[in-house]
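Chemist: The structure that follows is given in the form of structure tokens.
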Ligand SMILES: Cc1cc2nc3c(=O)[nH]c(=O)nc-3n(C[C@H](O)[C@H](O)[C@H](O)COP(=O)(O)OP(=O)(O)OC[C@H]3O[C@@H](n4cnc5c(N)ncnc54)[C@H](O)[C@@H]3O)c2cc1C
Ligand code: SF4
Ligand code: FES
Ligand code: FES
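Protein chains in written order, with the UniProt record's numbering: chain A, 1 to 162; chain B, 1 to 323.
The structure is reproduced here in structure tokens:
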């Protein structure tokens, strides 16, 4: 099937098998290897991208089902040579070791900062809580880090959330 | 993954018309794509219903109509749901992760399949996946499986958090199919396994969920609590959606209790509710009500822990609501 999607601001038209995931399309067909395959089952967050600005798992999305939509991968976060504030903060706070989870952490955090409403740890669901470390930890719980860089990831995100 | 045809429906009527044996509807795909990759689901054809114009939350008189394709995250962020049905917002927020909730639909959440490890492993027998092949969970690992309403054929649990809150709230599921439209009250969408564990729900082949309707919220305070093995991003061992209305005289004027993680269905705790109505709102009464409900439990060796866990969860949740 021929589909067109916007990838990091550029229209890309590709002929795909309906079985291919968005993750495999990005990595194997479009040469964008930023999004990582950690589990391929929705359990680790390494493949997180933004779909129409909202964070989503590219391993659980069929490429055909995201036809026409805007995909932002970690490669599309920076503007030219200017790092995204989250990327700069991750470097400054030493928020990674091996870096395998980092593209997913960055895309997830970028989407999370724009998400309205409470989280599971918000006491009063009618309020929009500030992004305290507890709120950030809960909201980022879909992104695992085998290196355990969580403490620095939370401080990097906190700096940008402020 | 087995190959399949893909089509996107523009209307509910078109989706239903497009459905034939071997067809499955695709919502956000967060469960179905995974099951296809595992070889557990092998549709010939996917009809993508995720872009149907059913993505609105609307007030209809004193009821709230939630479209079938409303994303889980949009449901939980809706100001009206947060203010009037906090147990539902909380239940949704405790499920999965931000990334999954952004994509998962209300209908897909209700129809997600069990997380029983044998069901997901095509190299093992499983009556739900391959009827008549046996249930290895009963003699094997059933640590997280059912203690209520199970059968000799299957001891799976339904994994949805949202469905537990919808059961306590008495929501209605609106469905359309070749046989016309119908309304299925919760509980009632999901079924106990009996000797047909391959059927999770009462839906007929090709029936499409179009909306979920909420009656006005029950009076009193309400809450959703979930017990799990880690603090976030894990399925429930046991969960509870409860509402409690204590009258001026200190007796229970109304109460709703639904339990998750215990059965093939989100479990409405009717015996506990009956035991509480009109009686005192005390810890002792709460304990008696929990015990009345759990008399029906028939745990297996490795999930007997769920009995005291559920009892204590019911009591402490009701105590929290009463104070
Ligand atoms: C890592 C992980 C952790 C999770 N943790 C939790 C958790 O803690 N709690 C929880 O509740 N859930 C959890 N989930 C499950 C998640 O909530 C479901 O995958 C999601 O809600 C399914 O919605 P969907 O729209 O993606 O459904 P899909 O995967 O698209 O579909 C699911 C089923 O519904 C059918 N379907 C879809 N739409 C319709 C319709 N309109 N009418 C009829 N049939 C339809 C499909 O044919 C399919 O059988 C988790 C998922 C993952 C991947
Ligand atoms: S409990 Fe049900 S789903 Fe699990 S192996 Fe047995 S039959 Fe299959
Ligand atoms: S690779 Fe997608 S969540 Fe792990
Ligand atoms: S930095 Fe290595 S997995 Fe996170």
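Ideal placement from N, C-alpha and C gives every residue a C-beta, glycine not left out.
In this text the structure is predicted, and so the values were computed from the model without any measurement.
Determine whether the Cβ of residue 115 (chain A) lies closer than 8 Å to any Cβ atom of chain B.
Modeler: Cβ-Cβ to chain B under 8 Å: yes for residue 115 (chain A).
Chemist: Got a sec, what are the start and stop residues for the alpha helix (DSSP H) residue 92 (chain B) sits in?
Modeler: Its alpha helix (DSSP H) spans residues 86–93.
Chemist: What residues of chain A sit near residue 90 (chain B), judged by a beta carbon separation below 8 Å?
Modeler: Simply 120 and 125.
Chemist: Determine, using beta-carbon pairs with one atom in the segment 32–48 of chain A and one in the segment 142–161 of chain A, whether at least three such pairs fall under 8 Å.
Modeler: The answer is yes - the segment 142–161 of chain A touches the segment 32–48 of chain A, with three or more Cβ pairs under 8 Å.
Chemist: Can you look up residue 246 (chain B) in the DSSP assignment and give me helix, strand or coil?
Modeler: Looking at residue 246 (chain B) - three-state DSSP - the assignment turns out to be strand.
Chemist: Just the residues with CB closer than 5 Å to a heavy atom of ligand 4, in chain order, which are they?
Modeler: My final list is A:96, A:97, A:98, A:100, A:101, A:145, A:146, A:147 and A:149.
Chemist: Should residue 127 (chain B) be listed as close to ligand 2, given that the test is whether its C-beta is under 7 Å from any heavy atom?
Modeler: Indeed, a heavy atom of ligand 2 lies less than 7 Å from the Cβ.
Chemist: Report yes if the C-beta of residue 40 (chain B) is less than 7 Å from at least one heavy atom of ligand 2; otherwise report no.
Modeler: False, no ligand heavy atom lies under 7 Å from that Cβ.
Chemist: For residue 32 (chain B), which option in A:62, A:17, A:28 and A:162 has the closest C-alpha, if you only look at C-alpha atoms?
Modeler: Out of A:62, A:17, A:28 and A:162, A:62 has the C-alpha closest to the C-alpha of residue 32 (chain B).
Chemist: Considering only the beta carbon of each residue, do residue 64 (chain A) and residue 18 (chain A) sit closer than 8 Å?
Modeler: Yes, the pair counts as a contact, with Cβ atoms nearer than the cut-off.
Chemist: Which residues in chain B sit within 8 Å of residue 48 (chain A), going by Cβ to Cβ distance?
Modeler: Correct list: 99.
Chemist: For residue 50 (chain B), which three-state DSSP category applies?
Modeler: It is coil, neither helix nor strand.
Chemist: Residues around ligand 3, please: the condition is that the C-beta lies closer than 6 Å to some non-hydrogen atom of it.
Modeler: The filter returns A:37, A:38, A:39, A:40, A:42, A:43, A:44, A:45, A:46, A:47, A:57 and A:59, in chain order.
Chemist: Cβ of residue 343 (chain B) within 8 Å of Cβ of residue 57 (chain A)?
Modeler: Nothing in the structure corresponds to residue 343 (chain B), since chain B is present only between 1 and 323.
Chemist: Please check the pair residue 237 (chain B) and residue 309 (chain B), which I expect to be a contact at CB under 8 Å, by giving their CB distance rounded to whole angstroms.
Modeler: With 8 Å as the limit, residue 237 (chain B) and residue 309 (chain B) qualify as a contact, their Cβ atoms being about 7 Å apart.
Chemist: Only counting the same chain, and skipping five residues up and downstream in sequence, which positions put a Cβ closer than 6 Å to that of residue 183 (chain B)?
Modeler: Contacts found: 172 and 174.
Chemist: So residue 1 (chain A) and residue 55 (chain A) are supposed to be a Cβ contact under 8 Å. How far apart are they, rounded?
Modeler: So it is not a contact: roughly 26 Å between Cβ atoms.
Chemist: Which chain B residues are close to residue 138 (chain A), counting only those with a beta carbon under 7 Å from its beta carbon?
Modeler: Result: 232.
Chemist: Using only the alpha-carbon positions, how far apart do residue 274 (chain B) and residue 77 (chain B) sit?
Modeler: Cα-Cα distance, rounded: 33 Å.
Chemist: Among B:114, B:83, B:143 and B:137, which residue has its Cα nearest to the Cα of residue 123 (chain A)?
Modeler: Here the closest residue by C-alpha is B:83.
Chemist: Helix, strand or coil for residue 112 (chain A) per DSSP?
Modeler: It is helical.
Chemist: Is there contact between the segment 296–316 of chain B and the segment 189–206 of chain B, where contact requires at least three CB pairs shorter than 8 Å?
Modeler: Contact between the segment 296–316 of chain B and the segment 189–206 of chain B is absent, because fewer than three Cβ pairs lie under 8 Å.
Chemist: Assign residue 255 (chain B) to one of three DSSP states: helix, strand, or coil.
Modeler: It is a strand residue.
Chemist: Would you call the segment 44–58 of chain B and the segment 18–29 of chain B touching, i.e. three or more CB-CB distances under 8 Å?
Modeler: The segment 44–58 of chain B vs the segment 18–29 of chain B: in contact.
Chemist: Taking the alpha-carbon positions, what's the residue 64 (chain B) to residue 86 (chain B) distance?
Modeler: Distance between the alpha carbons of residue 64 (chain B) and residue 86 (chain B) is about 14 Å.
Chemist: Taking CB distances under 8 Å as the criterion, tell me whether residue 208 (chain B) reaches chain A.
Modeler: So no, residue 208 (chain B) is outside the interface.
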